[in-house]
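Asks:
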Amino acid sequence: MSNSIQILGPRGNTLAVHAAGEGPTLFLLHGFPLDYRMWQNQLSDLCSRMHVVAVHFRGFGCASLDETQYTLADLAQDVEFLRQHLAANEKIWLAGLSMGGYVAFEYWRQCASHLHGLILSNTKPTGDNDEAKANRRAMAEKALKSGSWAAVEPMFGKLLAEQTVASKPDVAALVKTMMVTPDPKSVAAAQNAMAERRDFTEQLSAIQCPTLVIAGESDPIAPAEDCRKWASQIPNSRFEVIPASGHLSPLENPDAFNQLVLSFVKA
Ligand code: MLT
Numbered sequence: 372m373s374n375s376i377q378i379l380g381p382r383g384n385t386l387a388v389h390a391a392g393e394g395p396t397l398f399l400l401h402g403f404p405l406d407y408r409m410w411q412n413q414l415s416d417l418c419s420r421m422h423v424v425a426v427h428f429r430g431f432g433c434a435s436l437d438e439t440q441y442t443l444a445d446l447a448q449d450v451e452f453l454r455q456h457l458a459a460n461e462k463i464w465l466a467g468l469s470m471g472g473y474v475a476f477e478y479w480r481q482c483a484s485h486l487h488g489l490i491l492s493n494t495k496p497t498g499d500n501d502e503a504k505a506n507r508r509a510m511a512e513k514a515l516k517s518g519s520w521a522a523v524e525p526m527f528g529k530l531l532a533e534q535t536v537a538s539k540p541d542v543a544a545l546v547k548t549m550m551v552t553p554d555p556k557s558v559a560a561a562q563n564a565m566a567e568r569r570d571f572t573e574q575l576s577a578i579q580c581p582t583l584v585i586a587g588e589s590d591p592i593a594p595a596e597d598c599r600k601w602a603s604q605i606p607n608s609r610f611e612v613i614p615a616s617g618h619l620s621p622l623e624n625p626d627a628f629n630q631l632v633l634s635f636v637k638a
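Residue numbering for the sequence shown follows our numbering, beginning at 372 and increasing consecutively.
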């Protein structure tokens, strides 16, 4: 059973996490347009061996949005504030999925010395080209004009593997629940922040900490072959493909995901 924790941030904002367990601390950063609930199986199953902390990004879950413009570097600062307060200022393991992975790269850029290691799941180091940026701006405008679900609905069919949809209706239902939850302003702010994210392609060889790169066997958003290529540029890295999984590996095949995490962290 995880606990919801809210913390007053440095700007009077509300930061939030769900946390469970004791041991080495593992921070979990969620994808877009989801929330901490995508880590439900990690919170319940890894907590016997680790202190698991699922972060709520600004405007998602119980974290306040406050300013409608932020950068992914700001989200990495939020993670650092939470690390200082919830991990006794100790080093952490940091796992991010997709958007969470983009923030994990940012955290590494700002705070590498506070990391035991990185888990980069269903994500990519690249920035957006002009077309991708324009698509994000369009999604942001659509959310503000027509509501969150109208804007994010086209993503729904891309997040889960066909076999997950067929065999795990509860997972598909949870994903839809998460997608309809955020406020349009939160959807717009996250899209605008992702459009302006840094490109880490040239810095992969500078990542010194142990790094586990995880891809989903059937992920059209971060294809496994692409992940294999960029993972090979990180010196101390391991690359793994999760079977029976689309873009949301920790939710679609939690047993395989959790085994990888435990063997990587050696908890
Ligand atoms: C995610 O899952 O976080 C999104 O697919 C990231 C993105 O839109 O690039």
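C-beta: ideal position from N, C-alpha, C; glycine also.
Closest by CA to Pro-404, which one among Ser-373, Glu-524, Ala-444 and Asn-500?
Replies: When Ser-373, Glu-524, Ala-444 and Asn-500 are compared, the shortest CA-CA separation from Pro-404 is found for Glu-524.
Asks: Is Leu-436 near Ala-521, with beta carbons less than 8 angstroms apart?
Replies: Taking 8 angstroms as the cut-off, the Cβ atoms of Leu-436 and Ala-521 do not count as close.
Asks: Mapping the DSSP letters down to three states, classify Glu-567 as helix, strand or coil.
Replies: coil
Asks: For the segment 404-488, list the alpha helix (DSSP H) runs that are entirely contained and at least 4 residues long, ordered along the chain.
Replies: 411-416, 443-457 and 470-482
Asks: Is it the case that the segment 544-556 contacts the segment 445-465, given that we only count it when at least three CB pairs across the two stretches are under 8 angstroms?
Replies: no
Asks: Would Leu-468 and Trp-479 be called neighbours here (beta carbons separated by less than 8 angstroms)?
Replies: no
Asks: In three-state DSSP terms, what is Thr-548?
Replies: It is helical.
Asks: Rounded to whole angstroms, what is the Cα-Cα separation between Val-558 and Glu-461?
Replies: 32 angstroms
Asks: Out of curiosity, what's the CA-to-CA distance linking Met-409 and Leu-417?
Replies: 14 angstroms
Asks: Return the chain-ordered list of same chain residues with a C-beta closer than 6 angstroms to the C-beta of Cys-598, the five sequence neighbours on each side being excluded.
Replies: Val-584 and Ala-586
Asks: Measure the beta-carbon distance from Thr-396 to Leu-491 and round it to whole angstroms, keeping in mind my assumption that it falls under 8 angstroms.
Replies: Incorrect: roughly 18 angstroms between the Cβ atoms, too far for contact.
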